[in-house]
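Every number in the working numbering is 2 more than the matching position in the sequence shown, counting from 1. The structure appears below as structure tokens.
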Amino acid sequence: MKTADGNWINNEVLKFQSKYSVKQVFTQTQELLLFEYMVKCSKINYGLTTKQIRKLAHDYAIGCNIEVPPSWNLFLISGIDWFSGFMPRHLDLAIRKPVVDFDHQNYVVSFLKKKKQVAHLFTMIKTI
Numbered sequence: 003m004k005t006a007d008g009n010w011i012n013n014e015v016l017k018f019q020s021k022y023s024v025k026q027v028f029t030q031t032q033e034l035l036l037f038e039y040m041v042k043c044s045k046i047n048y049g050l051t052t053k054q055i056r057k058l059a060h061d062y063a064i065g066c067n068i069e070v071p072p073s074w075n076l077f078l079i080s081g082i083d084w085f086s087g088f089m090p091r092h093l094d095l096a097i098r099k100p101v102v103d104f105d106h107q108n109y110v111v112s113f114l115k116k117k118k119q120v121a122h123l124f125t126m127i128k129t130i
């Protein structure tokens with residue numbers, strides 16, 4: 003393979019990058035770690051909203067001492083432009099509005115009521 007100046011390249015691997023990668027806040031490794039953390043969060047809970055992801059990105063950048071755009075520090079959240087660039091690079095991440103599972107919520111509320119009733123029962127038994 004020849005370079006632009008006509009010299010031959012011997013056994014070298016050329017790596018091409020996007021011209022926009024210069025403006026990226028995170029390196030590929032940092033962005034992958036952030037993505038993996040988001041996936042882990044979504045498996046534990048109902049997932050993250052757009053604002054939570056943007057806030058997480060800002061906090062992660064500050065924690066890693068990465069230089070961020072001034073608007074990030076002004077609003078304490080990453081920009082929509084960062085998010086719209088991040089999502090196409092990580093198509094496995096689906097952002098959904100969290101839905102409350104009313105059956106689960108009702109179960110928790112009834113459990114807490116029963117817990118209070120049981121505690122009251124034990125208090126009554128101790129007085130006997």
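Glycine is no exception: its CB is placed at the ideal position from the N, C-alpha and C atoms.
Using a Cβ distance threshold of 9 Å, residue 89 and residue 97 count as a contacting pair. For residue 69, no alpha helix (DSSP H) run applies, since DSSP gives it neither H nor E.
According to the DSSP assignment, residue 45 belongs to the alpha helix (DSSP H) that extends over 30-46. Annotated as proximal: residue 41 and residue 94, with beta-carbon spacing under 9 Å. Shown here, residue 58 sits in a helix according to DSSP, grouped into three states. Counted as a single uninterrupted DSSP element, the alpha helix (DSSP H) harbouring residue 83 occupies residues 82-91. For residue 119, the secondary structure class from DSSP, reduced to helix, strand or coil, is helix.
When the five nearest sequence neighbours on each side are left out, the beta carbons in the same chain lying within less than 8 Å of the beta carbon of residue 70 are those of 27, 60, 63, 64 and 80, in order along the chain.
From the listed residues 126, 77 and 121, the smallest Cα separation to residue 53 is found for 77.
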